[in-house]
Amino acid sequence: MARVLSQAVLAEIERARARYPRPQSAVLPALHAAQEEVGYLSPEALDDVAEALGLPVTEVASVATFYSMFFTEPVGRHKIRVCTNLSCYLNGCEEILDHLCRTLGVRPGETTADGRVLVEVAECLAACEEAPVLLADEDRHGHMTPAKVDALLRALDREPSATSPTGPAGDA
Amino acid sequence: MSSERAPASPAQMVHLTIDGRPVAVPKGTTVWQAARQNGIEVPVFCYHDRMPPLGACRMCLVEVEKMPKLATSCTLEAGEDMVVRTQTDRVRQAQQAILELLLVNHPLDCPICDKGGECPLQDNTLRFGPGQSRFVETKRQFRKHVRMGPVLVLDRERCILCWRCVRFGEIVAGDDALKGFERGYHSQIATPAMEPVRSKFIGNTMEICPVGALTSATYRFRSRPWDNRTVQSVCPHCGCGCATTLNVRGADLTRTRPREHPEVNDIWLCDKGFFGYEFVGSPERLRAPLVRRDGALREATWDEALGRVADALRSTSPEAVGVIGGARSTNEDDYLLLRLFRGVVGTNNIDFRVETAYPQPTSRAAWGLPVAIADVERADAIVLVGCDLTEEYPILWLRVKKAIDRGAPLVIAGAWEPEVARWAQHRLIHRRGGEAALLRALAGGVRAEDGAAASGAPAEAIRAAADTLRAAPRALVLAGEAALEQPGAERVLAALDELCAACHGAPLGILRGRGNSGGAQVLGLLPDMLPGYRPLGDPSAREAVAAVWGRPVPSAPGRTVRGMLEAARAADLEVLYVVGADPASDYPDARAWEEARRGLRCLVVHELFLTRTAEAADVVLPVLAYAEKTGTVANIEGRVQRQDQALLGPGVARSDAEIFVDLASRLGSPLAVASWEQVFAEIGRMIPGWAEGARLAPPRPGAGAGRDGAGIPDGPLPRPEGALALVAGRRLFDRGTMAARCPGVRGQAGEPFVAVHPEDAARLGLRDGMPCEVRSPRGALRLAVRVWAGVHRGHAYAPRGYDSAPVSVLLDERGPVAVTVRPLGAP
Amino acid sequence: MVRQLRQVWATVKGLGVVGRYLFRRPVTVRYPDAKPPVQRRYKGRHYLTLFADGMERCVGCELCVIVCPSQSIFVRAAENDPLAPHSKGERYAADFQINMLRCIFCGFCEEACPTGAIVLGHDYELSGYTRESLIYTKDMLTEKYPGESGRDPHREL
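Chains as they are written, first to last, in our numbering: chain A, 1 to 172; chain B, 1001 to 1827; chain C, 2001 to 2157.
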């Protein structure tokens, strides 16, 4: 009775569920799989995950809102997270964030009007030696400069992103 | 709780000092409990003694010697030689700091908060708080209040995140209705997308919320705690008889709250109990007697109305008089009913079981629980057969949940999946009519494969469930209406006996009956029983009753409800007297009722509202509701409890008892009755052990026990191509006579529907929410389709209790019915 | 002799008082043609005050009810219609009655009121021919225009 999740994702959720003695343990992998497919965790996606795991939807939704990497509202296909913790701050993350926001015309936490990129402020990304650091979808980029940001933004749509099911074609 | 109260041997005791006082408590007791048991109050917010400790609010900090920091006393287990101080400056400072921090984001809008005046946060702040806040910044803001369904109002600004409501849903009710969302500063209590909360127990979260974050939509702004008069009462809805407290302001019933009764409802109540009280004050209540004149019901005086009833009773032979109902009256009302109709009129045509067309003799299958409600949680395994527990007896579910938490497996058998199926270890969803075969297979009387073939439940599941049950030394078998309301009920009963025997003699509870059915049964509002479960056929029992009444008791057994309706159709029954019942809506065959009504010369109805039955009556007598009279009632375990009068009745309404006494005088045999206490005492002369608080358990199945149900085949229901077998179930929230007039219940009930399996829906071209026509050989109803995988294939589930669409229109007293479900608008 | 002289002296003294008051302004007020003035803090009949925008200050909290020593106040609250609110916030007093026959004009209600909604004004002409007429209802108590009571609602806040 799944509404939005494909059989492949449901199978993936089932595999995750089989790995643990309690279905609660499989909530995070299941939510990741669902978000990857839908782009965000819509109410229907949460219902499907809950049904697939045999858990109350309240519990699944509660977990989904707890973690910052899950989105319960539509967001950009690409997610850029800029670290603003101490090391990055001392190495000029503000300039990077500023440049990124100005180039894309958004404020931190917002998605571009075309639904392409979400810019977020992140806490420590555990790569202080490369400060300032940002995370573009699943890839970490260190020693960032405004020029490298521009290059990154250009490259973003060329290769299919791990978190974007549509890939470059969808961004045209 | 019980383990804490259990006497412990000295070796299991630990000795500690609290505030200089030597204290000995059983091992495992927390410091907070130890302090409280010794009269030392330590403030708490998150801890609640019906749930395990959490340690979220930090309000219960105490100083413990040799511990560098203050410790939360609610999570700290008392240890030997521990030295605890609860009143030191350090503790006081910590309490003040915690309260100051809790109040940082609390709006302090006590003047407009319904909790104001009974709020633990107010009380604790006054007693332990700093008195002043240093916080001058803007407080956290949310949308001021959110209505989460018809009964719950959430105000997140007031929430102190104690987690009590969340844990109630997880631990006590098992419905996970509310959860914590977001985190850190943004933490809040919510449901996904702020949808209406889905729960049958949400009223309890309002009770245990230590602030005004969760409040009731029906009580909203109606009263202040200091305006309310409190009156002890008993919930009139399902048969559990939960102890309640009514709050009354002037002539206004403002709310119902649970009253602690460890043996029945503990401290909980279901939402029907919480919000199902407003019908009492409905403007539609009948205010004066109605008498049929020139074909229409018109207002009349009591004298005229009762004169007419007395004339009808006088001019009819006793065998042609029948009485239906009594399950909504008090025991005293019912007893006087018996004295009037058995003693004065002289008929045994008395039956309170309005909602069954297949009555089994009480000696064979008495309704109710043979064990105490509190004992349900001590069972090692529980089998639920044809009983939708949270819809029918929600408070019992809380006990079953405790048993499950202790590790007891739950086995469910039924034609549809009840809400609690998630908690069941074995779910046997089967065809209607396959109960007996399935139960016998569970008992090991037939092979699992045969049970599977006859019932449609998978054989492996049956075998696994049977193995589970065999391993439980103290199982409990509970059978409900859905399993027994069918022509093969005798076979099902025999199979249940077989199953109980196979489960090491497990007790069998028959979960049927609502309101004061327990009282009506023990008093013998039955065609073949006398008070105290003594059979009418026993001459000595009749003698004993006659001795108290001073009048003989007729010896010929009377007719059941079905028998009375059949007799009325044959013109053998002329006068039907209905007491607080609505057979026109509730008897499971509306057409049979209509035909019977046409055969009656006189129909008398005691009612609160102009129900379908009352509309067809010749005399309608307005009576008092449960909150308007004092008396006793008995619940499904047979426990006798008192309910007190909280209000005056509307207009000239009288109690049932007053009417019976008046009628007896008019018939020339006055009943000397001065008060309900006198009647109560007289019942005590007839029923040994009769006392307030006593439990008069229904007898264990006797007469028919051991009768072999084997050899009677389970016949599959013959039905036309494409038709579905109709199963009718009860819902906690419905729109019956009383519930429809309680906004909190009515709103949660939603519109009536028919549920079909997705495969059947696809075959019949039905989609969720679509209007459709459900047609049986007896009649047709328009309902909305609900596609639901929980119902067995080939079946259609329709809820009872909707007066606008009574499923009794479709039902047939002669046997199961098949229905066709046709989308409306389609050719 | 001394005694008689004293008596004469007392008479003269008494006449002196009469003489003195003969030339003073009289204290008698020709009530009801003239109204005697009251002190600024005089506690007379109650008013339910309004904000300058005409919204009711009362939120129906019933603190006046619980503090009232003579139990002369009755309040029934209700929820505001967000589109046509009576007061600011969720709650307002749907019904507000004060029994002037029971009231002892102690002013506790004014002290307890968290919003300055109830004030005791300067009217003291509170009489009637029936008991019912002395149960003041919400219409009678509510100011006809903001400031009618002549009292400062913020005084206690």
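Glycine included, C-beta positions come from ideal geometry on N, C-alpha and C.
Proximity test, residue i beta-carbon vs the ligand HEM heavy atom, cut-off 6 angstroms
{"i": "C/A2052", "result": "The ligand HEM is absent from the structure shown, which contains no ligand whatsoever."}
8 angstroms contact criterion, which residue i and residue j should meet: CB distance rounded
{"i": "B/V1477", "j": "B/V1385", "result": "7 angstroms"}
{"i": "B/G1281", "j": "B/T1244", "result": "Rounded, the Cβ-Cβ distance is 16 angstroms, inconsistent with contact."}
{"i": "B/L1442", "j": "B/L1499", "result": "6 angstroms"}
{"i": "A/T84", "j": "A/V121", "result": "5 angstroms"}
{"i": "B/V1754", "j": "B/Y1802", "result": "Actually they do not touch by this definition, with Cβ atoms about 11 angstroms apart."}
{"i": "B/L1093", "j": "B/F1128", "result": "Per the sequence presented here, residue 1093 of chain B reads as Gln, with Leu not at that position. Going by Cβ atoms, the distance from B/Q1093 to B/F1128 rounds to 11 angstroms, so no, they are not a contact pair."}
{"i": "B/C1119", "j": "B/V1211", "result": "6 angstroms"}
{"i": "B/Y1335", "j": "B/I1683", "result": "5 angstroms"}
{"i": "B/L1103", "j": "B/T1138", "result": "At roughly 14 angstroms, the Cβ-Cβ gap does not stay under 8 angstroms, so B/L1103 and B/T1138 are not in contact."}
Strand pairing of residue i, partner residues [DSSP]
{"i": "B/D1644", "result": "Its beta-bridge partners do not exist; DSSP assigns none."}
{"i": "B/Y1802", "result": "B/R1735"}
{"i": "B/V1774", "result": "B/L1781, B/V1821"}
{"i": "B/W1268", "result": "B/W1268 pairs with nothing; no bridge assigned."}
{"i": "B/H1261", "result": "B/D1266"}
{"i": "B/E1692", "result": "B/E1692 is not bridged to any residue."}
{"i": "B/C1238", "result": "B/R1514"}
{"i": "B/Y1797", "result": "B/V1727, B/A1755"}
{"i": "B/A1097", "result": "DSSP, once it has assigned bridges, lists no residue as partnering B/A1097."}
Cβ-based burial, residue i [other Cβ within 10 Å; buried from 16]
{"i": "C/Q2039", "result": "exposed"}
{"i": "B/F1749", "result": "According to the sequence as given, residue 1749 of chain B is Ala; it is not Phe. So B/A1749 ends up on the buried side."}
{"i": "B/E1284", "result": "exposed"}
{"i": "B/P1418", "result": "buried"}
{"i": "C/P2036", "result": "exposed"}
{"i": "B/G1295", "result": "exposed"}
{"i": "C/L2015", "result": "exposed"}
{"i": "B/L1696", "result": "buried"}
{"i": "B/P1052", "result": "exposed"}
{"i": "B/K1401", "result": "buried"}
{"i": "B/K1069", "result": "exposed"}
{"i": "B/I1018", "result": "buried"}
Distance CB(residue i)-CB(residue j) smaller than 7 angstroms
{"i": "B/V1604", "j": "B/V1291", "result": "no"}
{"i": "B/H1430", "j": "B/S1455", "result": "yes"}
{"i": "C/E2079", "j": "B/R1255", "result": "no"}
{"i": "B/N1348", "j": "B/P1557", "result": "yes"}
{"i": "B/A1506", "j": "B/A1479", "result": "no"}
{"i": "B/G1518", "j": "B/A1634", "result": "yes"}
{"i": "B/A1489", "j": "B/V1809", "result": "no"}
{"i": "B/L1508", "j": "B/L1496", "result": "yes"}
{"i": "A/A64", "j": "A/L10", "result": "no"}
{"i": "A/L135", "j": "A/R81", "result": "yes"}
{"i": "B/A1596", "j": "B/L1565", "result": "yes"}
Proximity to residue i [Cα-Cα], best of the options
{"i": "B/E1065", "options": "B/T1075, B/P1053, B/G1079", "result": "B/G1079"}
{"i": "B/P1743", "options": "B/C1162, B/F1279, B/R1314, B/R1601", "result": "B/F1279"}
{"i": "C/T2142", "options": "C/Y2092, C/A2112, C/R2102, C/I2104", "result": "C/Y2092"}
{"i": "B/S1555", "options": "B/L1054, B/P1535, B/V1756", "result": "B/P1535"}
{"i": "B/V1561", "options": "B/V1323, B/P1289, B/A1472", "result": "B/V1323"}
{"i": "B/I1350", "options": "B/Y1577, B/T1390, B/V1383", "result": "B/Y1577"}
{"i": "C/M2100", "options": "C/K2088, C/L2126, C/V2075", "result": "C/L2126"}
{"i": "B/F1275", "options": "B/L1286, B/G1307, B/N1247, B/S1776", "result": "B/N1247"}
{"i": "B/C1113", "options": "B/T1088, B/V1153, B/L1511, B/E1100", "result": "B/V1153"}
{"i": "B/G1765", "options": "B/A1723, B/R1775, B/P1823", "result": "B/P1823"}
{"i": "B/G1241", "options": "B/D1467, B/A1739, B/G1368", "result": "B/G1368"}
{"i": "B/T1468", "options": "B/I1412, B/G1451, B/R1422, B/G1184", "result": "B/I1412"}
{"i": "C/E2110", "options": "C/M2055, C/V2002, C/E2062, C/Y2021", "result": "C/E2062"}
{"i": "A/R17", "options": "A/L53, A/H143, A/L86", "result": "A/L53"}
{"i": "B/N1204", "options": "B/E1182, B/E1435, B/N1265, B/W1226", "result": "B/N1265"}
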